[in-house]
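Residue numbers (my numbering), protein chains in the order written: chain Z, 20 to 298; chain X, 17 to 307.
Glycine included, C-beta positions come from ideal geometry on N, C-alpha and C.
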Amino acid sequence: VLPFGRKLDEKLIEEMEETLLSADLGPKTAVKLMDQVRLAFKEKRITTTDECYAFLKSWLKDLMRDDGAKLRRAESGPTVILVAGVNGAGKTTSIAKLAHRLSRGGASVILAAADTFRAAAVDQLALWSERIGCRIIRQPTGADPAAVAFDAAEAAVARKADFLVVDTAGRLHTQANLMKELEKIKRVIEKRIPGAPHEVILVLDATCGQNAITQAQEFGKILPVTGLFLTKLDGTAKGGAVIGIRDQVKVPVKFIGLGEKPEDIEDFDAEAFVEGLFG
Amino acid sequence: SLSASFQNLARRFQGKDKLTEDNVQEALRDVRMALLEADVQLGVARDFIQRVKDAALGQAVVKGVDPGQMIIKVISDELAKLMGPEAAPLVRAERGPTVILMAGLQGAGKTTTCGKLANRLKKEGRKVLMVAADLQRPAAVDQLQVLGRDLEVAVHAEKGVAPPEVCARAVDRAKRENFDTVILDTAGRLHIDDALMTEVAEVARRTSPHEVLLVCDAMTGQDAVTSAKAFDERLPLTGVILTKLDGDARGGAALSVKAVTGKPIKFVGQGEKLDKLDVFYPQRMAERILG
Ligand SMILES: Nc1nc2c(ncn2[C@@H]2O[C@H](COP(=O)(O)OP(=O)(O)OP(=O)(O)O)[C@@H](O)[C@H]2O)c(=O)[nH]1
Ligand SMILES: Nc1nc2c(ncn2[C@@H]2O[C@H](COP(=O)(O)OP(=O)(O)OP(=O)(O)O)[C@@H](O)[C@H]2O)c(=O)[nH]1
Ligand SMILES: [Mg+2]
Ligand SMILES: [Mg+2]
């Protein structure tokens, strides 16, 4: 943390740049930001460390604040939320958190265990559905994930569920066949429920570095990603890669994960997030 | 990427006959950018650049050798040196079962890697016992048991017993039933969770592992140093396994983790299937980080 009330100089500006780099903003975004600071400094628009902080925080908060950051709702019928992301990012746990929050709010939620690949993935979501008290649509491991998604969409309509949340297997955007599979899952949902999925959440691990930007770009090519769920912010990673994502890919962060329990979810708060980068 | 910046590097030295403080400094700015793009931690990148600078300026001027080529060679050499040994072997117990403890952050790939390691060692003719010591994640025990069934490898699991005790009992069972290898799967945990860090340290204390492997995701960013350092302080780490290298993350975390712990990267995960475990090749990793 830079000393407050000090006259700005190139050395302090470099230290500030290092703070941004350490938060995973990445050199492109950090340098872009700090070059603006350097210009403002040269033009005497900012002269102290406080002014530098204020300048950066306001720039970042403006970038990260998004009115679209509320959960979308279907005009009628079930709201379908499709969840995707790379392996181990926290999809299944984040779905449990979303389901918990929605059902606590009085909504009826159905979960679709469309990860039919990984060992015990269906069991993992099933245990969560039991704990949270919502219905789960499942088939044995090895089944076609699109078939599970279809069954779940049918069930959601038949039971007049408020929400259907679809869990998918972790996959790397470099695996073309798996990205095709994800596209198929989306198409199948769309066919059964016009307008669905209403929300496509990409789950990102806050410990992830610059590859998070590639993930957002590549998943965004095959799915209409509407929001990010940034997990594991209870650790020491700052999740600054989402700034690069907001800047380059324009997807807003909607939720953050702050632990492994169902209640460890919060709406994304740009103010708190940006303050945390400098904390 | 660095191979592109290697071209720029070489160009910077055109018409120059030797490496000077100034032209080296300039060139290294590009290298630093590339390393940061590759997720190498800030301090690690800084130390590496300093090493390269010292090595480059300390070089005797060789007649006729293009200084651009010289500095490129210094960079690749220093990086390969820093990445550590090629295919560092797993430690084997002198007598009794070899105990391997897998630790790391949530979602890094520990459980899957337990399966991969068991698969590899079984193919080498070893009698492996995997231990389901993650008692907090829903269906974690099931997950390891499914892997055990697929591999036809025994899995030790017990309900209502804390992880250090499960592991200690599993090692006793291994001795009685002549398993020569025990692989302990532990729960993902944050390095800042004191209770859980104490728990995994207790697992190590109760089982005296011959190998304590930090399982680390190849896409980890700047935080790699913070978490690796903390695990290294609480556990007698003997090595690192870097997972998900089948993705396109540059993997700078490899350099960061090696630099801060000094422990060798022994294996890399190259996919979800249980045969996707490779030994570590530092030269390949260096080239990948450099882009
Ligand atoms: N500390 C912390 N851990 C989390 C958070 N979200 C998820 N996890 C943990 O991360 C690990 C992986 O979570 P999963 O929900 O299985 O991740 P996933 O993306 O579904 O994984 P795959 O389906 O295998 O790709 C588990 O140990 C979770 O408890 C979070 O916000 N904070
Ligand atoms: N593509 C790829 N996926 C991997 C690799 N290693 C593990 N995974 C996947 O990463 C996800 C997480 O793996 P787990 O083995 O459950 O991770 P973990 O560290 O045990 O997770 P926790 O116990 O929750 O901390 C799963 O989807 C695995 O299939 C790898 O080398 N490549
Ligand atoms: Mg999952
Ligand atoms: Mg596990």
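Taking C-beta atoms under 8 Å as the contact rule, LYS274 (chain X) and LEU106 (chain X) fail to qualify, at a distance of about 17 Å. These are the residues, in chain order, with a beta carbon less than 5 Å from any non-hydrogen atom of ligand 3: Z:LYS110, Z:THR111. Comparing alpha carbon positions, the residue from X:ARG27, X:VAL60, X:ALA43, X:ASP33 closest to GLY237 (chain X) is X:VAL60.
The beta carbon of ASP196 (chain X) lies closer than 7 Å to those of PRO113, THR114, ARG142, LYS143 in the same chain, with the five residues before and after it left out. Closer than 8 Å to the CB of LYS260 (chain X) there is at least one CB belonging to chain Z.
No heavy atom of ligand 2 is found nearer than 7 Å to the CB of ALA59 (chain Z).
GLY31 (chain X) and ILE91 (chain X) have their C-alpha atoms some 21 Å from each other.
In the DSSP annotation of this structure, PHE274 (chain Z) is not part of any alpha helix (DSSP H); the continuous beta strand (DSSP E) holding it starts and ends at 272 to 276. For the region 195 to 209 of chain X, the residues whose beta carbon sits under 7 Å from a beta carbon of chain Z are, in order, LEU206, ILE208. Only those residues of the region 223 to 237 of chain Z whose C-beta falls short of 7 Å from the nearest C-beta of chain X are listed: ASP224, THR226, CYS227, GLY228, GLN229, ASN230, THR233. Interface annotation, LEU21 (chain Z): not in contact with chain X, CB-CB separation never under 8 Å. Among the CB atoms of chain X, none fall inside 8 Å of the CB of THR187 (chain Z).
Nearest neighbour of ALA291 (chain Z) by Cα position, chosen from Z:ALA215, Z:VAL272, Z:GLN158, Z:THR193, turns out to be Z:VAL272. At a Cβ-Cβ threshold of 8 Å, LEU247 (chain Z) and LEU221 (chain Z) count as neighbours. Z:ILE262 is the residue among Z:ILE262, Z:ARG206, Z:PRO216, Z:ILE129 whose C-alpha sits nearest the C-alpha of GLY228 (chain Z). In this structure, DSSP gives PHE23 (chain Z) a state outside helix and strand, which the three-state scheme calls coil. Annotated as proximal: GLY109 (chain Z) and GLY276 (chain Z), with beta-carbon spacing under 8 Å. A check of alpha carbon separations from ALA103 (chain Z) across Z:LEU82, Z:ALA132, Z:ARG84, Z:ASP85 identifies Z:ALA132 as the nearest. For the region 124 to 141 of chain X, the set of residues with a beta-carbon nearer than 9 Å to any beta-carbon of chain Z comprises ALA124, GLY125, THR127, THR128, GLY131, in chain order. Annotation for ALA42 (chain Z): LYS257, GLY259, LEU296 place their beta carbon closer than 6 Å to its own, counting only its chain and skipping 5 residues before and after. Residue pairing from DSSP places VAL256 (chain X) in a beta bridge opposite X:LEU230, X:ILE281. Inclusion of GLN66 (chain X) and LYS251 (chain Z) in the CB contact set at 8 Å is not warranted, their separation being larger than that value.
Contact annotation: the region 160 to 172 of chain Z touches the region 196 to 208 of chain Z, with at least three C-beta pairs closer than 8 Å.
THR66 (chain Z) is positioned such that its CB atom lies no closer than 8 Å to that of LEU31 (chain Z).
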